[in-house]
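A.B. asks: Counting in the numbering used here, the sequence shown runs from 644 upward without gaps. Just so it is clear, CB atoms sit at the ideal spot from N, CA and C, and this is done for glycine as well. Note that the structure is predicted; figures quoted are calculated from it, not measured.
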Amino acid sequence: MPPRMLIQPSLRALTGPSSVQLPFAALSLNPAKTSVRAGSTESRERRRHDPFLMAQSRQRKAANISRQKALTKEREGSVGNPVESQPTPFIQELRKTQATLEDTDLNYFVTPDGLSEAMEYSKNLTSPMRNPDRDTADPQLEKEAAEKHLQEHRNAQEAIRRIVSVANGNTKDHMRLHIQKCIETFGRHKTDSELPPKPSAVSHDSATVHLEKTPRVGPDTGSPEVQVAILTAKIMNLSRHLQTTKKDRHNKRNLRLLVHKRQKLLRYLRRKERGGPRWQNLMEKLGLSEAAWKGEISM
Numbered sequence: 644m645p646p647r648m649l650i651q652p653s654l655r656a657l658t659g660p661s662s663v664q665l666p667f668a669a670l671s672l673n674p675a676k677t678s679v680r681a682g683s684t685e686s687r688e689r690r691r692h693d694p695f696l697m698a699q700s701r702q703r704k705a706a707n708i709s710r711q712k713a714l715t716k717e718r719e720g721s722v723g724n725p726v727e728s729q730p731t732p733f734i735q736e737l738r739k740t741q742a743t744l745e746d747t748d749l750n751y752f753v754t755p756d757g758l759s760e761a762m763e764y765s766k767n768l769t770s771p772m773r774n775p776d777r778d779t780a781d782p783q784l785e786k787e788a789a790e791k792h793l794q795e796h797r798n799a800q801e802a803i804r805r806i807v808s809v810a811n812g813n814t815k816d817h818m819r820l821h822i823q824k825c826i827e828t829f830g831r832h833k834t835d836s837e838l839p840p841k842p843s844a845v846s847h848d849s850a851t852v853h854l855e856k857t858p859r860v861g862p863d864t865g866s867p868e869v870q871v872a873i874l875t876a877k878i879m880n881l882s883r884h885l886q887t888t889k890k891d892r893h894n895k896r897n898l899r900l901l902v903h904k905r906q907k908l909l910r911y912l913r914r915k916e917r918g919g920p921r922w923q924n925l926m927e928k929l930g931l932s933e934a935a936w937k938g939e940i941s942m
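1. If we call anything under 8 Å between Cβ atoms a contact, is residue 829 one with residue 872?
2. Cβ atoms of residue 862 and residue 911: under 8 Å apart, would you say?
3. For residue 942, collect the residues of the same chain with a Cβ closer than 6 Å to its Cβ; drop the 5 residues on either side in sequence, then sort them by chain order.
4. Helix, strand or coil for residue 838 per DSSP?
5. Closest to residue 865 by C-alpha separation, out of 854, 823, 689, would be which residue?
6. Please name the residue or residues paired with residue 808 in a DSSP beta bridge.
7. Report the rounded CA-to-CA distance for residue 930 versus residue 726, giving the unit in angstroms.
8. Contact defined as beta carbons within less than 8 Å: I believe residue 813 pairs with residue 805. What is the distance between those atoms, to the nearest angstrom?
9. Residue 873 lies in the alpha helix (DSSP H); which residues open and close that run?
10. How is residue 888 classed by DSSP in three states: helix, strand or coil?
11. Do residue 842 and residue 720 have their C-beta atoms within less than 8 Å of each other?
12. In the structure shown, what three-state DSSP assignment does residue 720 receive?
13. Taking the alpha carbon of residue 901 as the reference point, which residue from 890, 686, 935 has its own alpha carbon closest?
14. So, helix, strand or coil for residue 757, using DSSP?
15. Helix, strand or coil for residue 822 per DSSP?
16. Inspect the beta-carbon positions of residue 809 and residue 817 and report whether they are closer than 8 Å.
17. For residue 789 and residue 754, what's the separation of their Cα atoms in angstroms?
18. Count the other CB atoms within 10 Å of the CB of residue 921; is the residue buried (16 or more) or exposed (fewer)?
19. Compare the beta carbon distance of residue 932 and residue 723 with 8 Å and say whether it is the shorter of the two.
20. Alpha carbon to alpha carbon, how far is residue 838 from residue 854? Give it in angstroms, no decimals.
21. Which of the three DSSP states is assigned to residue 857 in this structure?
22. Within a Cβ cutoff of 7 Å, which residues of the same chain sit near residue 831, ignoring the five residues on either side of it in sequence?
23. Got a sec? Which residues, its chain only, sit under 7 Å from residue 917 by beta carbon, not counting five neighbours each side?
24. Measuring CA to CA, which of 825, 849, 923, 760 is closest to residue 733?
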């Protein structure tokens, strides 16, 4: 019978005690972190405690901000501003403030000729009657009555002038005056006789024959160019208001709605007029750039 051998102590000697571990076993149990994600919490902690990394982060942020400003300025220079208009003569008239309004700008739909005619009629109507009996008439009394009547007429004329002057009105009165100017300038009752027709499309034999349009009666208040001009006046009024009140979010939203509504009308007018004289006249007088109708408007 062969002798028995004990193998357990030899194996224990080869493996060693449980407290001693091989170097590869230690690496497998505790793997080292070779990389840290840039946006992780550990990366932010490292950057917060390392002045060199903090300086690098500030430099990258400053470079990004300056690049964004340069791109925005270049984009606005090439395309334009979707809100502001170029200072054309018509836009300068709309930008008149209360201090720069002229005496010819009257409120309540009063015209200078109508006002002068009404004042002359009132003067003749209230003039004192002459005594038909010239033998008993007193020339001194008649002269005094005529001078008193003339002074009263001057006072009434000055009072009426102050009442109907748009310089003494509010913002609503100024906007009504601007709307009247937009209708008188861009209404088709005026531009039909001044501007040439739009380019005609190629007609085919199978095309529908349209009847002639009924002649226009009265001023034009609903054509796209008139609506665009009125919206431009309202946009200028709101943008001037928002320059002093930065936290007026309600009117900022109203300004955004007006700008997008004007963009839709401009796209429709460009498609219908095919870039013709009516479109060119509107864009030149209002001082609008391509940013007012092209692309996506972000405010």
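C.D. replies: Once the coordinates are examined:
1. Position 186 of the sequence shown, counted from the start, is the residue given in the question as residue 829. Position 229 of the sequence shown, counted from the start, is the residue given in the question as residue 872. Yes, the Cβ-Cβ distance between residue 829 and residue 872 is below 8 Å.
2. Sequence index remark: in the sequence shown, residue 911 carries index 268 (1-based). Sequence index remark: in the sequence shown, residue 862 carries index 219 (1-based). No, these two residues do not count as a Cβ contact at 8 Å.
3. What you label residue 942 is simply residue 299 of the sequence shown in a count that begins at 1. Cβ within range, chain order: 899.
4. Here residue 838 refers to the residue found at position 195 of the sequence shown. Residue 838 falls in the coil class under three-state DSSP.
5. Position 222 of the sequence shown holds residue 865. A check of alpha carbon separations from residue 865 across 854, 823, 689 identifies 823 as the nearest.
6. Looking up residue 808 in the sequence shown gives position 165. Bridge partners of residue 808: 749.
7. Counted from its first residue, the sequence shown places residue 930 at position 287. Counted from its first residue, the sequence shown places residue 726 at position 83. Between residue 930 and residue 726, the C-alpha separation is close to 11 Å.
8. For the purposes of this step, residue 813 is taken as residue 170 along the sequence shown, with counting starting at 1. For the purposes of this step, residue 805 is taken as residue 162 along the sequence shown, with counting starting at 1. Between residue 813 and residue 805 the beta-carbon gap is near 15 Å, outside 8 Å, which marks them as no contact.
9. As a first step, residue 873 must be located in the sequence shown, where it is residue number 230. Segment 867–885, the alpha helix (DSSP H) holding residue 873.
10. Working through the sequence shown from its first residue, we reach residue 888 at position 245. In this structure, residue 888 counts as coil in the three-state DSSP scheme.
11. Against the sequence shown, residue 842 aligns to sequence position 199. Against the sequence shown, residue 720 aligns to sequence position 77. No, the pair does not count as a contact, with Cβ atoms beyond the cut-off.
12. As a working mapping, residue 720 is identified with position 77 in the sequence shown. The DSSP-derived three-state label of residue 720 is helix.
13. The count along the sequence shown starts at 1 and reaches residue 901 at position 258. The alpha carbon of residue 901 has as its nearest neighbour, out of 890, 686, 935, the alpha carbon of 935.
14. Your numbering for residue 757 matches position 114 in the sequence shown. Helix.
15. One-based indexing of the sequence shown puts residue 822 at position 179. Secondary structure at residue 822: helix, using DSSP grouped into helix, strand and coil.
16. Translated into positions along the sequence shown, residue 809 becomes position 166. Translated into positions along the sequence shown, residue 817 becomes position 174. In terms of Cβ geometry, residue 809 and residue 817 form a close pair [threshold 8 Å].
17. Counted from its first residue, the sequence shown places residue 789 at position 146. Counted from its first residue, the sequence shown places residue 754 at position 111. Looking at the two C-alpha atoms, the distance is approximately 29 Å.
18. Translated into the one-based positions of the sequence shown, residue 921 becomes position 278. Classification of residue 921: buried, given that the 10 Å Cβ count is 16 or more.
19. Here residue 932 refers to the residue found at position 289 of the sequence shown. Here residue 723 refers to the residue found at position 80 of the sequence shown. In contact: residue 932 and residue 723 (Cβ atoms closer than 8 Å).
20. As a working note, residue 854 is residue 211 in the sequence shown. As a working note, residue 838 is residue 195 in the sequence shown. In a straight line, the C-alpha of residue 854 is about 22 Å away from that of residue 838.
21. Taking the first residue of the sequence shown as 1, we reach residue 857 at position 214. Assignment of residue 857 by DSSP, reduced to helix, strand and coil, places it in the coil class.
22. The count along the sequence shown starts at 1 and reaches residue 831 at position 188. Excluding positions up to five away in sequence, the list reads 859, 863, 866.
23. What you label residue 917 is simply residue 274 of the sequence shown in a count that begins at 1. Correct list, in chain order: 841, 842.
24. The residue labelled residue 733 in the question sits at position 90 within the sequence shown. The shortest C-alpha separation from residue 733 is found at 825.
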